[in-house]
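Q: Supplied in structure tokens, the structure appears directly below.
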Amino acid sequence: MTVGKVAGVRVEGLEVRLPGQALPVLSNASLELRPGEVVGVCGRSGCGKSTLLHAVAGLLPWARPAEVRGRVVVADEDVGDLDPGQRAHLFATCLDRPDAQLFLGTVRQELEAARRLHGETPLAARAAQALGLVPFLDRRVTELSSGERQRLALAVTLAAAPKPVLLDEPTVHLDEDGVASLARVLGEVRDLGGSVLLAEQAGFRLSGAVDRWLRLEGGELHPCPPPARPTLPLPVSNPGEAVLEASGVRLVRGGRTLLERASLAVRAGEIVLLSGRNGAGKSSLARALAGHAAAAGGGLAVTAGRVRRPHGAALLLPEAGVQLFADSVAGELALGGADPPALADVLRQHRLEHLGGRAPWTLSRGEQQRLLHAAVDALRPAVLIVDEPGQGLDPEDLAELAGLIARRAESGRAYLIVSQRMELSALAHRHLAIVDGALVEAGGTR
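Okay, so the sequence shown: first residue is 12 according to the working numbering, each after it adds one.
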């Protein structure tokens, strides 16, 4: 069994400037990641958490233009002059978009490639088992759900321990079981003497798995308490008649039956949460209800049943970036139908007023998510199906979005929120779950 060299990481005076931005994203950011500890970084969306990890990993300025100053030291070796390939043997990095680092056909092939890269480390096989990948080792990666792909990307990365590991938003696609499994694996990394630096918006989900937290604010890092669970408003609207209905729906994807005889109704002014384990079929059902099953890929098909939806039904996909088309934030809102005289108010309402001239693809994940919600809100759909609305949103942003949803529901809009984030159940009138191929009530009507 091969065990990598146990090393810590020291970041000294890191400064990062991106083209076209007046202020640096990072200024004099410093931290020490010691062997045998897990350190979390939190902060408002867009503050630079991903940029910090990219700079430490050496992806800047190689992956995107940036001016980088400061030192990154691993095992007393200054790695500032190394390109990403030369740093690869020192770190293992899991990005916030798992699809960006999964290249092979099947789960088994990805895990075997990681084993060849890192050697027979203590976690080479253990991480895959702990993260629940064994039942579908021979399944094609393209047939996995977003949560299953994240489990795979995490297993591939954590197999490198006890080398230092960098994780960007590691819980974003994980259900509650997946988060608990990740917490256990982080504990094993710690026991091996390995170290983990992670950036996480929903830090409260990892609870005691993180030894200490740093808050990134104004380009600098400061010690802070563990992030708290957001407080969300209770629903106050009175639901009316059904505006979205499905009866006897059967969903098949990649030759596997996900749902049998699924029926539901969402009423005007009602907020319904749909949850389920990773791979249960939540996103597939969302696409089927919105009429986009054929465009979802992966062989998704509605083979039975009936869906009735209003003409004004809209679907928000988990990846905001694939739904943004304009060359500026203000232009995106105009495409969504935002009234020009009210544009400044819309920007302020979604904390985008300082980003009006920026191109959407230059925004952080959380900023893109806020922009997408603002653009779709301007369309005023009768029913809005939102798949994982909390991605990239810090607790304050999530609370603000929940308040907006509650206000829109009061005015009659219906919401179907698809998520494994159980804190969102406080916002919902009803909670449905997909369990063993059936759609069931997971909580009583409020």
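The beta carbon of each residue, even a glycine, is placed where N, CA and C say it ideally should be.
Would you mind reading off the limits of the beta strand (DSSP E) that contains Arg288?
A: Numbered from 1 along the sequence shown, position 277 holds the residue referred to as residue 288. Taken as a continuous stretch (DSSP letters only), Arg288 belongs to no beta strand (DSSP E), as it is neither H nor E.
Q: Give the single residue among Ala171, Leu326 and Val152 whose Cα lies nearest to the Cα of Asp398.
A: To locate residue 398, count along the sequence shown from 1; it is residue 387. Selected option, being the one with the closest Cα: Leu326.
Q: Tell me the start and end of each unbroken beta strand (DSSP E) in the segment 380–449 that is at least 3 residues and wholly inside, in chain order.
A: 394–398, 425–429 and 441–446
Q: What does the alpha-carbon distance come out to for the pair Arg261 and Arg150?
A: Your numbering for residue 261 matches position 250 in the sequence shown. Your numbering for residue 150 matches position 139 in the sequence shown. C-alpha separation (whole angstroms): 21 Å.
Q: Please report the straight-line C-alpha distance between Leu208 and Arg195, rounded to a whole angstrom.
A: Stepping through the sequence shown from its first residue, residue 208 is reached at position 197. Stepping through the sequence shown from its first residue, residue 195 is reached at position 184. Roughly 16 Å separates the two Cα atoms.
Q: What is the residue span of the alpha helix (DSSP H) that Asp520 lies within?
A: The displayed coordinates of the chain run from 12 to 457. Any statement about residue 520 would go beyond what the structure contains.
Q: Tell me whether the segment 265–283 and the segment 91–100 touch, counting them as touching only if at least three CB pairs, one residue from each stretch, are closer than 8 Å.
A: no
Q: If I measure Cβ to Cβ from Leu311 and keep anything under 6 Å in the same chain, skipping five residues before and after, which residues do I get?
A: Start at 1 with the first residue of the sequence shown, and residue 311 comes out as number 300. Hits under 6 Å: Arg264, Ser295 and Ala304.
Q: Taking the DSSP output, what are the residues bridged to Gly323?
A: Here residue 323 refers to the residue found at position 312 when the sequence shown is read from its first residue. Answer is none; Gly323 lacks a bridge partner.
Q: In three-state terms, what does DSSP make of Val36?
A: Translated into the one-based positions of the sequence shown, residue 36 becomes position 25. In the structure shown, Val36 sits in coil (DSSP, three-state: anything other than H, G, I, E or B).
Q: Would you kindly work out how many angstroms separate the C-alpha atoms of Val200 and Pro246, rounded to a whole number?
A: Here residue 200 is taken as the residue at index 189 of the sequence shown, counted from 1. Here residue 246 is taken as the residue at index 235 of the sequence shown, counted from 1. Taking the straight line from one Cα to the other gives about 41 Å.
Q: In whole angstroms, what is the alpha-carbon distance linking Val387 and His361?
A: As a first step, residue 387 must be located in the sequence shown, where it is residue number 376. As a first step, residue 361 must be located in the sequence shown, where it is residue number 350. Spanning the two alpha carbons is a distance of roughly 12 Å.
Q: Taking Cβ positions only, does Thr268 come closer than 8 Å to chain B?
A: No chain B is part of this structure, which consists of one protein chain only.
Q: Report all residues from its chain with a CB closer than 7 Å to the CB of Ala166; omit the five preceding and five following residues, and keep chain order.
A: Counting from 1 along the sequence shown, the entry for residue 166 is found at position 155. Hits under 7 Å: Leu122, Ala138, Ala139, Leu142 and Leu144.
Q: Note down the Cα distance separating Arg381 from Ala413, rounded to an integer number of angstroms.
A: Counting from one through the sequence shown, the residue named residue 381 turns up at place 370. Counting from one through the sequence shown, the residue named residue 413 turns up at place 402. For Arg381 and Ala413, the distance between alpha carbons rounds to 12 Å.
Q: Does the contact criterion of 3 or more C-beta pairs under 8 Å hold for the segment 332–343 versus the segment 363–383?
A: yes
Q: What do you reckon, are the CB atoms on Gly377 and Val340 nearer than 8 Å?
A: Start at 1 with the first residue of the sequence shown, and residue 377 comes out as number 366. Start at 1 with the first residue of the sequence shown, and residue 340 comes out as number 329. Not a contact, by the Cβ cut-off of 8 Å.
Q: Express the C-alpha separation of Leu344 and Val52 in angstroms, rounding to a whole number.
A: By 1-based counting over the sequence shown, the position of residue 52 is 41. By 1-based counting over the sequence shown, the position of residue 344 is 333. Each residue's alpha carbon lies about 31 Å from the other.
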